Every structure is written in C-alpha cells, then in structure tokens.
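In the working numbering, the protein residues as written are 1 to 59. All residues carry an ideal CB built from backbone N, CA and C; glycine is no exception. Because the structure is a prediction, the values reported are computed rather than measured.
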C-alpha cells in the first residue's frame with residue numbers, strides 16, 4: 001500500500017501505476033484492469049491500459 005495524496009487525476013494515477021510497475025517489475029504480468037465507470041478511470045484505461053483487458057463497472 002502506498003499513500004496517494006493530492007488530486008486524483010488520470011495523469012497522476014497513470015504516473016503512480018507506472019512508478020509501481022517499474023519498482024516491482026510487473027508490467028508484462030498485468031493482464032486486466034478493473035475500475036468503476038468514472039471519467040477519470042476511463043482515461044486511465046486509455047492512457048495506461050494499452051493492450052490490457054479492461055473491465056469497467058457502474059452501479
């Protein structure tokens with residue numbers, strides 16, 4: 001777990017995910033991304049999730 005303070009913009013979330021993937025070499029092991037249906041996470045899916053199966057839920 002790592003604290004994520006400040007604004008939760010798509011750009012910052014993608015940067016955070018990329019940092020984690022570099023810290024723990026797992027980029028080639030990620031096969032899916034699950035999120036809610038907010039516009040921020042849809043943008044994260046586009047920017048970070050290239051080649052990754054995405055599951056977006058609303059409700």
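Residues 44, 47 and 48 of the same chain have their beta carbon placed closer than 7 angstroms to that of residue 14, with the five preceding and five following residues left out of the count. Note on geometry: alpha-carbon atoms of residue 28 and residue 50 lie some 12 angstroms from one another. A straight-line Cα-Cα distance of about 14 angstroms links residue 40 and residue 33. Taking 7 angstroms as the cut-off, the beta carbon of residue 52 is found closer than this to the beta carbon of residue 30. If you check the CB distance, residue 4 and residue 36 do not come in under 7 angstroms.
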